[in-house]
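So the protein sequences, as listed, match chains E and Y.
Residues are numbered in this note's numbering as their position in the first sequence, beginning at 1, plus a constant of 1.
Residues are numbered in this note's numbering as their position in the second sequence, beginning at 1, plus a constant of 1.
Ideal Cβ positions, reconstructed from N, Cα and C, are used throughout, including at glycine.
The next block holds one structure in the form of structure tokens; read it before the comments.
Protein chains: 2
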Amino acid sequence: MTASTAMTLSAYNSDSEQRTKASLARLQQLVADDLKRVDALILEKVKNGIPLIHDLTRHIIASGGKRLRPSLTLIAAQLCGYTGSRHIPLAACVEFIHTATLLHDDVVDNSSLRRGEPTANVVWSNKASVLVGDFLFSRSFQLMVEDGSLKVLKLLSDASATIAQGEVMQLSTANNVATNLEEYLAVIDAKTATLFAAACAIGAVVSEQGEKAEENLYHFGRDFGIAFQLVDDVLDYSASEASLGKTVGDDFRDGKVTLPIILAMEKASESERQFWKRTLEDQEQQEGDFEKALELMQRYGTLKASVEQAVAYGESAKNRLKDFPASAAKEALIDAVDFCIMRAF
Amino acid sequence: MTASTAMTLSAYNSDSEQRTKASLARLQQLVADDLKRVDALILEKVKNGIPLIHDLTRHIIASGGKRLRPSLTLIAAQLCGYTGSRHIPLAACVEFIHTATLLHDDVVDNSSLRRGEPTANVVWSNKASVLVGDFLFSRSFQLMVEDGSLKVLKLLSDASATIAQGEVMQLSTANNVATNLEEYLAVIDAKTATLFAAACAIGAVVSEQGEKAEENLYHFGRDFGIAFQLVDDVLDYSASEASLGKTVGDDFRDGKVTLPIILAMEKASESERQFWKRTLEDQEQQEGDFEKALELMQRYGTLKASVEQAVAYGESAKNRLKDFPASAAKEALIDAVDFCIMRAF
């Protein structure tokens, strides 16, 4: 931990209550009208006389997600002073790709709960989730083609390929306690950060702000995405189920090797290594194992160290905004990064 | 059946043995060099340091499919006198989308055998099939973006969305013996014909032959695709497993309501309706049911009537080629249609 992240961390700790409440509100307020148009467009674009597609999309859209990714496209366009309307369908494209990924993710992970609601594969079937995911994915590309920007098409086809690669990588490295920091970061970069990056960069593309702005927003989104996923992975060990909207301990039960475990493995005694191997690699878990895992993470401070990594990525993200003039949109983006990290406190 | 399709049908019957042997050979010979370049490109584009993606794609590519769809792009480009090289990556795009669809299809259908080989979901897992399918799909769009034609992007994003819609439709109407001809045609049009259509039209697009040629090749592909699927559905009741490369009777066991059944339902007595309802809708099948189904199809001539429909679509397809000057490529396309129909004899 550097001196500056330590300082930032203590600043977060000092007024966490207040900041947690404040921070996403500004972003949500600024994009509220645009987001309504995005939602209306999404529901219009899935009306095709096939009830299953409409019902399933509605289920996901209505299940109370934060809609962070499309909001990033909308607020990034505002940051760049955009006054047109191309950001609306393109934000819908981002949400379509994200939703398709969630649908396929839940099938692959055999999940039953997301954002506190039963997942689509439980309500309908794995078959429906696979096929409706494919449909939403294709629909997204149709919308991009209508918009006509090859730059946007490149951003989102690259992001989609990277997401799929990240998921396959995760499949290959799952339950492997030898996973190192570099491999872990490669997976969360691919699975989460790339779509954050593309979502933000699209705001600069539609505004025709030039390559420097696109690049800055791309890297803002990417560092933000990594910070976001780092915190998500910490929350899987520390959040209350109500605030997380999914089952706490899922990652542990599934044997996912995330940063708090990688750091605990680095410091583990031989018997502790055997514990991680038994529970995560061999998937032989018994009563009290989750509590034992938590205790080891506390002992070695690995949850805190993981949050510190998130803080560093968050700072790097915010630093990417320095060339943009002061605006409500800029403040909202900074707040969003802070909010994402504050969730861990 | 019109007089002309009856005539064509009898012509098919008269020299079926010879025509079956001859017909795909000409196409395969004309595209052989190009297809090698397509295969090399496909394998290059899935090399990304993730063995699972490479292995699984190789498994499908190497499993001896006819490669009809990418060949259609290649031969259509030849038909239009194309001398460039854009058709190579775009044929790879068509094959990527087709392969992604197969991977997801096998998961949805719980298939275990395709083209006489174990399916990828059996060799690897459903998870791998879902994710690698997503990757190939994204990779296809990346390649299209590199090519840079919004027309191609529109053709293949429309085709992908339509395929997914067709699959979902089929999910909604599966095991419903009240399915009518119109609904059945809508499903095979979406599931099969649209990609044939796009594959052919791309040949005209890269050759810059104008809208009329694009339209003719699009409709050639579409009618060809419908004929192809009609025959495929007949073969599920009449082929030997060796020649079909999948398990005969799969459609019956899965309760898929294809044309031979729709036509048999139209003529069914009350007890026969109960038979179809029990076996396909209620999925209560017992020893001898498949043989009974075959007997009813023979009694009402529904396999023959289905082939006649295929012949009519095949004639319509060939008619779309009349404005193109005589060439080896044109003969090869006509042969390909004939070959597809001859499989039924």
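Look at the region 167–185 of chain E: the residues with a C-beta under 7 Å from a C-beta of chain Y are Glu168, Val169, Met170, Leu172, Ser173. Counted as a single uninterrupted DSSP element, the alpha helix (DSSP H) harbouring Asn127(Y) occupies residues 127–148. If the five residues before and after Ala198(E) are omitted, its C-beta is found closer than 6 Å to the C-beta atoms of Tyr219, Gly222, Arg223, all from its own chain and listed in chain order. Contact fails between the region 55–66 of chain E and the region 154–163 of chain E, because fewer than three Cβ pairs, one in each stretch, are under 8 Å apart.
Interface with chain Y (7 Å Cβ-Cβ cutoff): Lys278(E) is excluded. In terms of CA proximity to Met170(E), Ala191(E) leads the group Leu53(E), Leu196(E), Gly289(E), Ala191(E). By the Cβ test, the region 79–92 of chain Y is in contact with the region 28–40 of chain Y, since at least three Cβ pairs between them sit closer than 8 Å. Using a CB distance cut-off of 7 Å, Gln143(Y) counts as an interface residue toward chain E.
Within 10 angstroms of the beta-carbon of Pro326(E) lie fewer than 16 other beta-carbons, which makes it exposed.
Nearest C-alpha to Leu144(E) among Ser158(Y), Asp290(Y), Cys341(Y): Ser158(Y). Rounded to whole angstroms, Lys152(E) and Val95(E) show a C-alpha spacing of 14 Å. The distance from the Cβ of Glu215(Y) to that of Ala202(Y) is about 5 Å, consistent with a contact at the 8 Å cut-off. If you check the CB distance, Tyr314(Y) and Ala228(Y) come in under 7 Å. Closer than 7 Å to the CB of Leu156(E) there is not a single CB belonging to chain Y.
When Ala194(E), Thr303(E), Arg254(E) are compared, the shortest CA-CA separation from Glu282(E) is found for Arg254(E). Taking CB atoms only, Ser161(E) has a neighbour in chain Y less than 7 Å away.
A contact between stretches requires three or more CB pairs, one per stretch, nearer than 8 Å, and the region 293–300 of chain Y fails this requirement with the region 329–336 of chain Y.
In this structure, Tyr83(Y) places its C-beta atom within 7 Å of the C-beta atom of Val207(Y). Residue range 52–62 is occupied by the alpha helix (DSSP H) that includes Pro52(Y).
Proximity of chain Y to Ile203(E) at the Cβ level (cut-off 8 Å) is not reached, the minimal Cβ distance being about 14 Å. Shown here, Cys81(Y) sits in coil according to DSSP, grouped into three states, outside any helix or strand.
Bounds of the alpha helix (DSSP H) holding Pro90(E) are 88–110. Shown here, Ala214(E) sits in a helix according to DSSP, grouped into three states.
Under the three-state reduction of DSSP output, Asn181(Y) falls in the coil class, being neither helix nor strand. By the rule that beta-carbons nearer than 7 Å mark a contact, Ile189(Y) does not touch chain E.
Relative to the Cα of Val232(Y), the nearest Cα in the group Asn49(Y), Ala194(Y), Lys278(Y) belongs to Ala194(Y). Membership of Ser158(Y) in the alpha helix (DSSP H) is indicated by the continuous run 151–174. Looking at the backbone, the Cα of Lys278(E) and that of Gln287(E) are separated by about 13 Å. In the DSSP annotation of this structure, Ser270(Y) is not part of any alpha helix (DSSP H), being labelled neither H nor E. Comparing alpha carbon positions, the residue from Ser24(Y), Leu236(Y), Ser126(Y), His105(Y) closest to Thr303(Y) is Leu236(Y). When Cβ-Cβ separations below 7 Å define contact, Arg140(Y) makes contact with chain E. Excluding residues up to 5 positions away in sequence, Val47, Lys48 lie with their Cβ nearer than 7 Å to the Cβ of His55(Y) in the same chain.
If you compare the alpha carbons of Ile189(Y), Glu209(Y), Thr180(Y) with that of Ile262(Y), the shortest gap goes to Thr180(Y). Judged by their CB atoms, Gly204(Y) and Thr74(Y) are nearer to each other than the 7 Å cut-off. Across the structure, Leu53(Y) and Asp110(Y) are spaced so that their CA atoms are roughly 22 Å apart.
Across the structure, Asn217(Y) and Gln166(E) are spaced so that their CA atoms are roughly 38 Å apart.
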